[in-house]
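Asker: The sequence shown begins at 13 in this note's numbering and counts up by one. Each residue gets a CB set at the ideal place from its N, CA and C atoms; glycine is no exception. Note that the structure is a prediction, hence the values are computed from the model and not measured.
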Amino acid sequence: MDREKFETLVVEAINNLPLEFRNKLENVDVVVEDWPTSGQLKKVKVSHPSQLLGLYEGVPQTKRGGGYGLVPPDKISIFQKPIEGQCHSNEEIGVKITEVVCHEIAHHFGIDEKTLRRIEDERCRKSRHRMKP
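1) Which residue wins for smallest C-alpha separation from residue 52, given the options 93, 89, 14 and 102?
2) Hey, out of 37, 45 and 33, whose CA is closest to residue 19's CA?
3) Around the Cβ of residue 80, are there at least 16 other Cβ atoms within 10 angstroms (buried) or fewer (exposed)?
4) Would you say the beta carbon of residue 17 is closer than 7 Å to some non-hydrogen atom of the ligand ADP?
5) Can you tell me which residues form a DSSP beta bridge with residue 90?
6) Kindly indicate the opening and closing residues of the alpha helix (DSSP H) around residue 156.
7) Going by beta-carbon coordinates alone, are residue 67 and residue 56 separated by less than 8 Å?
8) So, at 8 Å on beta carbons, what are the nonlocal neighbours of residue 108 in its own chain, with the 5 sequence-adjacent residues on each side left out?
9) Please state if the CB of residue 106 and the CB of residue 75 are separated by a distance shorter than 8 Å.
10) Use the C-beta contact count for residue 144: other C-beta atoms within 10 angstroms, 16 or more gives buried, fewer gives exposed.
11) Considering residue 79, what are the terminal residues of the alpha helix (DSSP H) in which it resides?
Here you go:
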């Protein structure tokens, strides 16, 4: 998929967030990059670049105190090549982008990795349960 189409899907994922969440995105840039850097991989203790689909770097809203201000924006990186490597169609890429964007934005709002994994696991179990005849 070309970069322009991929970036359009990222923007759509953000625009499709509920308004109450979009309105609370503060001081955060969302960028598309081909691959994570070695520094980004080290930061999250991931050994292979194909394993990291997205990354939130910044100060979660729940950790910002009264003195928070005049700081560079937080950064959410969405990694195009690892996402494409896990998907078999453009439709799958769109779904995966939405999942990754939501996951990284949740970190911006202060939800930690362990809690996010539990929420995602519960959502998958409920989805499989609904699919059973």
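Answerer: The answer reads as follows:
1) Measuring from the Cα of residue 52, the nearest candidate turns out to be 89.
2) Closest in alpha carbon position to residue 19, among 37, 45 and 33, is 45.
3) Residue 80 should be labelled exposed.
4) Absence of the ligand ADP from the depicted structure is noted, as is the absence of any ligand whatsoever, leaving it without description.
5) DSSP links residue 90 through a beta bridge to 44 and 66.
6) Lying before the first or after the last residue shown, residue 156 is absent from the chain, which here runs from 13 to 145.
7) The answer is yes: Cβ separation under 8 Å.
8) Its chain contains 65, 95, 98 and 99 as the residues whose beta carbon lies nearer than 8 Å to that of residue 108, once the 5 sequence neighbours on both sides are disregarded; these appear in chain order.
9) No, these two residues do not count as a Cβ contact at 8 Å.
10) In this predicted model, residue 144 has a pLDDT of only 49, less than 50, meaning its place in the structure is not dependable enough to derive any value.
11) Taken as a continuous stretch (DSSP letters only), residue 79 belongs to no alpha helix (DSSP H), as it is neither H nor E.
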